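So that you can map any letter, position 13 of the sequence shown is 12 in numbering that gives the first Met the number 0, and since no number is skipped, the others follow by simple counting.
Every residue, glycine too, gets a C-beta built ideally from N, C-alpha and C.
Since we're looking at a predicted model, the values are computed, not measured.
Down below is the structure, laid out as structure tokens.
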Amino acid sequence: MPPETPKEKEEHVPIKALRTYQGDVEEALQKNKYSATTILVAEQERKERAPRMLEPVNTEGWNKLFIILGFILLFVGVIAVAGVYYFKSNQKVVIDKTTRALIAFSVEKTFSVASSTREQLFSKIVSEKQTLKSPVNSVLYLNTTASDNTPENIGKILELLAPRMPASLSRAFENEYMVGIYSYDINAPFIILTTKDFGSSYSGMLKWEKDIVTDLGKIFEIPINFGGVTGFTDKALRNKDLRVLVDSNNKTLLLYSFIDKNTLVITKNEDIFNAILAKYLVSKNIR
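Right, dumping it as structure tokens:
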């Protein structure tokens with residue numbers, strides 16, 4: 000058996016100490032002479048300088064809110080416009096009833112006849128006819144008023160306009176009437192009267208024909224020396240029966256027509272009559 004040899008003395012190698020975060024911090028503190036407070040302050044400053052991540056804003060709720068508010072504003076706007084239109088419409092109706100205008104008009108002139116004479120009324124109508132400078136198809140409404148500024152009653156108006164009108168005819172007409180000037184190729188006056196007794200009014204107009212030129216000739220510019228021996232003749236226009244007065248050249252000087260059972264129009268010629276009839280039909284549908 001071989002002799003035992005002494006074991007070689009094992010070399011002892013020191014194991015390096017395990018480095019830890021805490022150790023590194025302590026070592027850094029020792030080397031750089033930092034204190035724990037200094038490090039905490041620096042860390043806080045670093046966090047403050049770092050950009051913050053903003054949380055995403057939920058816009059869906061806001062979008063719904065804006066849509067709802069938009070619909071509410073639209074609804075309020077529609078109601079406001081409708082309210083203004085309704086107010087204006089009612090206001091117009093009140094004006095028409097106050098002035099007793101039977102057709103739409105462009106210009107209104109108020110003329111008090113409470114203390115006026117026949118000559119003054121005729122002069123006013125003729126003056127307005129000669130000075131009217133409105134566009135074609137315009138209507139000047141002569142609002143004849145009483146002393147209290149309300150529309151004068153028809154009895155007073157006919158007393159001034161037509162003193163030779165039969166009394167039965169004058170009594171047949173209502174207080175709803177209109178006197179005005181129509182601007183067409185010429186400026187021509189017109190008179191619109193209303194009645195509830197068509198039979199009496201029609202027969203009364205036939206009786207008045209012999210004096211109508213004497214009564215109304217001045218405002219309709221019928222020559223004083225006009226003979227008119229043929230008198231009025233019948234004529235049909237737009238399904239309306241007319242009574243027409245013509246001169247020796249067959250030119251219409253004056254006409255009248257019951258455009259319905261309750262309404263009489265007196266004017267210069269067929270063109271003016273057509274225009275007034277059209278406006279009357281439109282106004283009647285609106286009223």
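Whole-angstrom distance between residue j and residue i, CA atom to CA atom
i: M204; j: I211; result: 9 Å
i: R117; j: A103; result: 27 Å
i: Q119; j: P134; result: 27 Å
i: V75; j: I285; result: 28 Å
i: Y176; j: L73; result: 45 Å
i: L215; j: I78; result: 51 Å
i: T146; j: F70; result: With the sequence shown as reference, residue 146 is identified as Ser, and Thr is not the correct amino acid for it. Distance between the alpha carbons of S146 and F70 is about 54 Å.
i: S115; j: T149; result: 15 Å
i: I66; j: A81; result: 23 Å
i: L236; j: I265; result: 14 Å
i: K278; j: N62; result: 53 Å
i: L68; j: Q129; result: 59 Å
i: N224; j: K155; result: 29 Å
i: L64; j: V178; result: 60 Å
i: K250; j: K267; result: 11 Å
Expected contact under 8 Å - CB spacing of residue i and residue j to nearest Å
i: I218; j: I124; result: 5 Å
i: T144; j: T193; result: Incorrect: roughly 18 Å between the Cβ atoms, too far for contact.
i: F172; j: I185; result: Contact flag wrong, Cβ pair sits at about 27 Å.
i: V106; j: L139; result: 5 Å
i: S167; j: S199; result: 6 Å
i: L234; j: L244; result: Here residue 234 is Lys; the residue named in the question, Leu, does not match the sequence. Not really, about 10 Å apart at Cβ, beyond 8 Å.
i: P299; j: K195; result: No information on residue 299 is available, as it lies outside the stretch 0 to 286 that the chain covers here.
Close-in-space but distant-in-sequence residues of the same chain around residue i (CB under 6 Å, 5 per side omitted)
i: E208; result: F231
i: L263; result: L192, F257
Residue i and residue j closer than 8 Å at C-beta
i: L141; j: E151; result: no
i: I271; j: F189; result: yes
i: L101; j: S282; result: yes
i: K239; j: L280; result: no
Beta-carbon contacts of residue i that lie in its chain and below 7 Å, excluding the five residues immediately before and after
i: I94; result: Per-residue confidence for I94 stands at a pLDDT of 41, beneath the threshold of 50, marking its modelled position as unreliable; no derived number is given.
i: L131; result: L139, I180, S182, N186
i: N360; result: Residue 360 falls outside the range modelled here, since the chain spans only 0 to 286, and no answer is possible.
i: I221; result: V212, L252, L253
i: F121; result: K217, I218
Residues near residue i by beta carbon distance below 8 Å, same chain, minus five either side
i: Y183; result: V135, N136, D270, I271, A274
i: Y201; result: F257
i: T213; result: R163
i: K260; result: F197
Original post:
Touching or not, the stretch 160-176 and the stretch 240-254, by the rule of three or more beta carbon pairs under 8 Å?
Top reply: no
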